[in-house]
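Under my numbering, think of the first position of the sequence shown as 53, with each following residue one higher.
Yeah, the Cβ is synthetic: ideal placement off N, Cα and C, and Gly gets one too.
Please read these numbers as outputs of a predicted model, since none were measured by experiment.
This report concerns only the one structure given below.
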Amino acid sequence: MNMPFELGIDYGSRQHGPEFMRGKKCLILEKGKHDFKRALSDLSGVDIKSHGDKPEEVVRAVRDWFYETVGLRDVPYPNVIWFRFSDFTTSLFEARLAEGIPEDEVREDIARMPIPEYLDCVADWVASTKAGLPVAG
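Quick look at the structure:
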């Protein structure tokens, strides 16, 4: 395991960069709770979220980080986000099938989709579902 270049730059800029960079916040995700210690022993004391290689736990870790660290308070529960994501991926899969892409090629087609195109698909889907996320009530 190597320390990602971007993380090193970000961490260094927070410690030694200009004043406007010193308040930066970052989220570090690892598969296991202490995996980072093999390559990033200098980060002791930094809150690192683990996800156990489970996508649902990645969603929980990111959502909770936004709540705890960034201060967002109107954030849906992790399961709500996960189920909405599942709805989106199902919809995208079905849309690709409707475009005539053979079923056995759809997953690879989506996996190889350029990120801007994927984000456009997300934005279109959210707009088509009106509010984007259900309102608790």
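Is it buried or exposed for residue i, if we count other Cβ within 10 angstroms and need 16 for buried?
{"i": "V111", "result": "buried"}
{"i": "E82", "result": "buried"}
{"i": "L149", "result": "exposed"}
{"i": "L144", "result": "buried"}
{"i": "E169", "result": "exposed"}
Pull up the distance between the alpha-carbon of residue i and that of residue j, whole angstroms please.
{"i": "T181", "j": "A147", "result": "15 Å"}
{"i": "V122", "j": "M73", "result": "15 Å"}
{"i": "Q67", "j": "T142", "result": "43 Å"}
{"i": "W177", "j": "G64", "result": "38 Å"}
{"i": "K106", "j": "A175", "result": "25 Å"}
Counting only the same chain and skipping the five closest in sequence on each side, list residues whose C-beta sits under 6 Å from that of residue i.
{"i": "E108", "result": "W134"}
Spatial neighbours of residue i within its chain, please: C-beta separation below 7 Å, excluding the five flanking residues on both sides.
{"i": "V114", "result": "L79"}
Note the first and the last residue of the continuous alpha helix (DSSP H) segment covering residue i.
{"i": "E146", "result": "P130 to A150"}
{"i": "E160", "result": "E155 to A163"}
{"i": "E108", "result": "P107 to W117"}
{"i": "I167", "result": "I167 to S180"}
If I'm right that residue i touches residue j with Cβ under 8 Å, what's the distance once you round it to whole angstroms?
{"i": "F118", "j": "V127", "result": "6 Å"}
{"i": "I167", "j": "D161", "result": "At roughly 14 Å, the Cβ-Cβ gap does not stay under 8 Å, so I167 and D161 are not in contact."}
Ordered along the chain, which non-local residues of its own chain (more than five positions away) have a Cβ less than 8 Å from that of residue i?
{"i": "V158", "result": "F145, R148 and L149"}
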